[in-house]
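S.K.: full-length UniProt numbering puts the first residue of the sequence shown at 1, with every later residue one more than the last.
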Amino acid sequence: MFCIGFTKRRPNQVKRTCYAQSSQIRQIRRKMREIMTAQATSCDLKELVQKFIPEMIGKEIEKATSSIYPLQNVFIRKVKILKAPKFDLGKLMEVHGDYSEDVGVKLERPADETMAESTPEVVGA
1 MFCIGFTKRR PNQVKRTCYA QSSQIRQIRR KMREIMTAQA TSCDLKELVQ
51 KFIPEMIGKE IEKATSSIYP LQNVFIRKVK ILKAPKFDLG KLMEVHGDYS
101 EDVGVKLERP ADETMAESTP EVVGA
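1) Give the C-beta separation of residue 74 and residue 61 to the nearest angstrom, bearing in mind that I take them to be a contact with Cβ-Cβ under 8 Å.
2) Which value, in whole angstroms, describes the spacing of the CA atoms of residue 57 and residue 108?
3) Buried or exposed, going by whether 16 or more other CB atoms sit within 10 Å of the CB of residue 71?
4) In whole angstroms, what is the alpha-carbon distance linking residue 89 and residue 66?
5) Taking the alpha-carbon of residue 93 as reference, which of 46, 55, 106, 2 has the nearest alpha-carbon?
6) Quick one: grab the DSSP three-state call for residue 7.
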């Protein structure tokens with residue numbers, strides 16, 4: 001997992017930038033790694049994806065690192081699978097087989113509009 005976070009300005013701060021010291025950066029990165037590995041090893045892939053959608057891991061990192069240096073906009077920006085799990089057809093069908101009904105909506109189009117769109121006119125030669 002790849003995580004990104006930005007330092008947070010203090011309330012009523014005039015200066016546009018705010019930097020953490022290098023020792024604080026090392027502590028923040030260590031805490032990020034601990035949280036990400038704990039989250040990744042505690043659940044399977046489907047549950048992990050469900051945690052990515054509401055950005056739960058980023059919020060947890062923000063709370064945990066606020067004592068070191070306040071952060072904002074902490075996100076998991078990329079995820080790579082280092083070791084692919086063994087292929088199991090049953091598990092694959094379980095992940096993709098949850099949808100029993102068709103979720104799409106069929107649109108009605110008159111026949112004359114489809115014909116007009118499909119025949120382009122050639123201008124010039």
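C-beta atoms are modelled at their ideal positions from N, C-alpha and C, and glycine is treated no differently.
Bear in mind the structure is a predicted one, so any value in this text is a computation, not a measurement.
M.R.: This is what the structure holds:
1) The C-beta separation of residue 74 from residue 61 comes to about 5 Å, placing the pair in contact by the 8 Å criterion.
2) Cα atoms of residue 57 and residue 108: separation of roughly 43 Å, rounded to the nearest angstrom.
3) By the 10 Å Cβ count, residue 71 comes out buried.
4) 43 Å
5) 46
6) strand
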